[in-house]
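Number of protein chains: 4
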Amino acid sequence: MLARLRASFDRQGMMTTLGVEVTEAEPGRVAMSLPYDRFTQHHGFLHAGAVASVLDTACGFAAYSVMPPEASVLTATYTINLLAPAAGERFAITGEVVRAGRTLVVCRGEAFADGDQRPFAVMQATMTAVFGKAGIQG
Amino acid sequence: MLARLRASFDRQGMMTTLGVEVTEAEPGRVAMSLPYDRFTQHHGFLHAGAVASVLDTACGFAAYSVMPPEASVLTATYTINLLAPAAGERFAITGEVVRAGRTLVVCRGEAFADGDQRPFAVMQATMTAVFGKAGIQG
Amino acid sequence: MLARLRASFDRQGMMTTLGVEVTEAEPGRVAMSLPYDRFTQHHGFLHAGAVASVLDTACGFAAYSVMPPEASVLTATYTINLLAPAAGERFAITGEVVRAGRTLVVCRGEAFADGDQRPFAVMQATMTAVFGKAGIQG
Amino acid sequence: MLARLRASFDRQGMMTTLGVEVTEAEPGRVAMSLPYDRFTQHHGFLHAGAVASVLDTACGFAAYSVMPPEASVLTATYTINLLAPAAGERFAITGEVVRAGRTLVVCRGEAFADGDQRPFAVMQATMTAVFGKAGIQG
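Protein chains in written order, with my numbering: chain A, 105 to 242; chain B, 105 to 242; chain C, 105 to 242; chain D, 105 to 242.
Have a look at this one:
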């Protein structure tokens with residue numbers, strides 16, 4: 105499963121561009137690490153878009169980890185709350201499955217700066233399992 | 105107002121990196137244009153994170169355009185629905201104010217591929233006006 | 105289609121309890137009317153829960169109106185923004201389809217008080233088409 | 105604080121109508137109990153609107169419990185995911201604070217049927233503290 109996650113992850117141009125690494129992966133839960141880099145917003149913090157992308161990816165991979173091997177995963181919708189500026193040198197981002205149905209998997213994501221115990225961003229995401237579409241890989 | 109928007113926009117590292125341009129701006133409504141580029145996800149389409157970032161920025165600027173001059177804008181929360189893959193050469197992204205309160209401004213964003221009349225992504229966003237924080241600019 | 109909507113509507117205990125009426129219905133769009141009644145919150149306005157229920161129902165019926173006859177509709181997720189207190193005597197609530205896929209239909213809902221042109225609440229909803237489950241009717 | 109919560113709760117017509125009870129309350133966390141009753145949707149389960157109302161109220165009270173005594177609480181926005189039908193005799197519904205800012209408090213809600221360990225509904229909510237409005241009480 106981890107190999108399948110990593111193979112999929114390596115195909116993601118945006119994650120490579122952002123410098124994201126997978127730090128943990130188990131069925132239903134994924135953790136990633138993101139360095140502070142050039143994706144800044146107009147106040148100099150990490151751009152919410154970068155935070156959202158990695159939270160979305162972490163939730164997507166958590167969902168993917170509990171889907172059947174022949175399924176691909178797509179994001180249907182998510183809600184993100186930005187609770188504080190993304191201030192720090194390194195960000196830990198987790199995604200975990202809340203409940204998995206046959207085609208919809210609902211996940212929760214959290215983003216932490218450096219050693220802070222309180223998240224600076226949280227996500228509630230709805231992922232879809234896609235079956236039998238040629239050329240689509242998880 | 106347009107000058108204030110453009111000055112703020114030019115400070116956004118991520119928008120520059122993504123190649124985004126402001127194509128229209130009036131009080132309560134902003135339109136942007138985004139080329140297909142290297143920010144791909146694992147199926148080869150434009151990454152949802154890039155789409156979300158630009159929708160978020162368009163909604164933020166629409167909110168900013170109806171705020172008092174001394175205010176800055178921050179995203180409190182948004183919900184995005186990804187309705188179809190972001191397939192195309194160029195994407196038009198709009199943000200408009202639904203209703204503005206004193207500190208919260210709710211906006212709606214839509215993303216269109218090439219000449220398609222149906223959006224491939226929609227956003228409902230809640231923006232906050234921030235007053236009197238040194239070093240924070242819209 | 106309208107008959108199918110009305111038959112489904114009449115089975116909804118909560119809509120009857122709230123005194124809701126369907127005022128318009130066409131493929132992809134439904135309008136409902138809700139009187140101010142006893143479903144108040146702690147400040148004396150109409151409770152957000154009542155507003156959300158009717159918005160959810162309007163979006164669900166809009167989605168249902170574009171689904172195949174054998175499908176049932178379930179709400180997967182929605183986001184509601186409450187923009188102003190629900191102050192008034194009668195509320196007009198609309199639901200319309202933004203884009204329909206095979207199993208997911210995304211809708212937008214708006215709630216208006218009396219003759220106000222600006223909504224006091226907006227919703228972005230994701231509806232699921234359910235096929236072939238005995239005992240489930242739209 | 106508990107007395108303040110209960111006084112506010114007792115003013116809520118809708119919660120009384122639904123038969124909801126507060127079962128636990130501590131700073132930043134509230135639990136409520138809801139019986140299966142007449143608020144059914146078109147498939148015979150508890151209506152999502154009733155579930156959403158109680159989740160919203162639980163999140164609102166959790167937020168209120170960490171606000172200054174002079175503040176009132178209003179729901180700005182929430183996202184609810186309905187993960188499974190609300191099937192059961194009694195529902196336990198919790199709201200807890202994820203992170204509290206000066207005017208915005210973000211909360212998470214979960215709804216459980218009977219003794220089930222997996223939630224059948226989850227909420228991510230943004231609550232606003234309102235200060236100095238006459239006639240508004242938490």
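We put the CB at the ideal spot given by N, CA and C, even for glycine.
Does chain C have any CB closer than 8 Å to the CB of A:T179? no
Is C:V134 closer than 8 Å to C:G199 when the C-beta atoms are compared? yes
Can you pull the DSSP bridge partners for C:M231? C:T179 and C:V209
CB-CB length for A:V226 against D:Q228, believed under 8 Å: 7 Å
Considering only residues of the same chain and omitting the five flanking positions on each side of D:A175, which have a CB-CB separation below 8 Å? Y168, A233, V234, F235 and G242
Evaluate C:P172 with the Cβ neighbour count: other Cβ atoms within 10 Å of its Cβ, from every protein chain shown; 16 or more gives buried, anything less gives exposed. Per the 10 Å Cβ criterion, exposed.
Below 8 Å on the Cβ atoms is my guess for B:A217 versus B:G192; work out the distance and round it to an integer in Å. 3 Å
Please determine, among D:S157, D:T183 and D:A107, the residue with the shortest C-alpha to C-alpha distance to A:C211. D:T183
Can you tell which of D:A166, D:L208 and D:L138 has its C-alpha closest to the C-alpha of D:R243? The first residue shown for chain D is 105 and the last is 242, placing residue 243 of chain D beyond what the model contains.
Please tell me whether B:I240 has its Cβ less than 8 Å away from any Cβ of chain C. The pLDDT assigned to B:I240 is 46, lower than 50, so where the model puts this residue is not dependable; a value taken from the coordinates is nonetheless given after this. Using beta-carbon distances, B:I240 does not count as an interface residue toward chain C, since no partner is under 8 Å.
DSSP three-state call for B:S157: helix, strand or coil? helix
Just checking: is the beta-carbon of A:T198 within a distance shorter than 8 Å of some beta-carbon in chain C? no
Step through the CB atoms of chain D and report whether any lies within less than 8 Å of the CB of B:L208. yes
Chain D contact residues for C:G153, given Cβ-Cβ distances below 7 Å: M118, G153, A156, S157 and D160, listed in chain order.
Once you ignore the five residues that flank D:T207 on each side, which residues in its own chain have a CB closer than 7 Å to its CB? These residues qualify, in order along the chain: T232 and A233.
Output needed for A:P223: all residues of its chain with C-beta closer than 7 Å, excluding positions within five of it in sequence on either side, in chain order. Cβ neighbours of A:P223 beyond the five flanking positions: L187, E214, A215 and F216.
Taking C-beta pairs closer than 8 Å, name the residues in chain D that C:Y182 reaches, listed in chain order. T183 and I184
Determine the direct distance from the alpha carbon of B:L122 to that of B:Y243, and round the result to whole angstroms. With chain B running from 105 to 242 in the structure shown, residue 243 of chain B is simply not present.
How big is the Cα-Cα spacing for C:R194 and C:T120? 16 Å
Terminal residues of the continuous beta strand (DSSP E) containing A:F195? Its beta strand (DSSP E) spans residues R194 to A204.
Can you find a C-beta in chain C that's less than 8 Å from the C-beta of B:V126? With respect to chain C, the C-beta atom of B:V126 has no partner C-beta closer than 8 Å.
A:V226 bridges to which residues according to DSSP? A:N185 and A:E214
Return the CA-CA distance between B:V209 and B:V202, expressed in angstroms with no decimal places. If I take the Cα positions, the gap works out to 8 Å.
Neighbour-count burial assignment, A:A129, 16 or more Cβ in a 10 Å radius: Counting Cβ neighbours within 10 Å, A:A129 comes out buried, since at least 16 surround it.
In angstroms with no decimal places, state the Cα-to-Cα distance between B:L138 and D:I197. Rounded to whole angstroms, B:L138 to D:I197 spans 43 Å at the Cα level.
Using the beta-carbon of each residue, which ones in chain B are nearer than 8 Å to C:P223? V202 and R203
Answer with yes or no whether the minimum CB distance from D:L150 to chain A is below 8 Å. no
Taking only the alpha-carbon atoms, compute the straight-line gap between A:P131 and A:T161 and give it to the nearest angstrom. 15 Å
List the residues of chain B whose Cβ lies closer than 7 Å to the Cβ of C:T232, in chain order. Under the 7 Å cutoff, chain B gives no residues; its nearest Cβ is about 13 Å from C:T232.
Would the beta-carbon of C:T243 fall within 8 Å of that of A:T230? In the structure as shown, chain C begins at 105 and stops at 242. Residue 243 of chain C is therefore absent and cannot be evaluated.
Contacts that B:V226 makes with chain C (C-beta to C-beta distance below 9 Å): V202, R203, V210, R212 and Q228
Do you know offhand how far A:G205's Cα is from C:A204's? If you take the alpha carbons of A:G205 and C:A204, they lie about 21 Å apart.
Using the beta-carbon of each residue, which ones in chain D are nearer than 9 Å to A:L109? Ordered by position in chain D, no residue passes the 9 Å Cβ test against A:L109, which lies about 23 Å from the chain.
Supposed close pair B:S112, A:G153 - CB separation, criterion 8 Å: Contact doesn't hold; Cβ gap of about 15 Å is too wide.
Can you give me the Cβ contacts of C:V177 inside the same chain, cut-off strictly under 6 Å, excluding the 5 residues immediately before and after it? So the list reads G164, A167, Y168, M231 and G242, once near-sequence residues are dropped.
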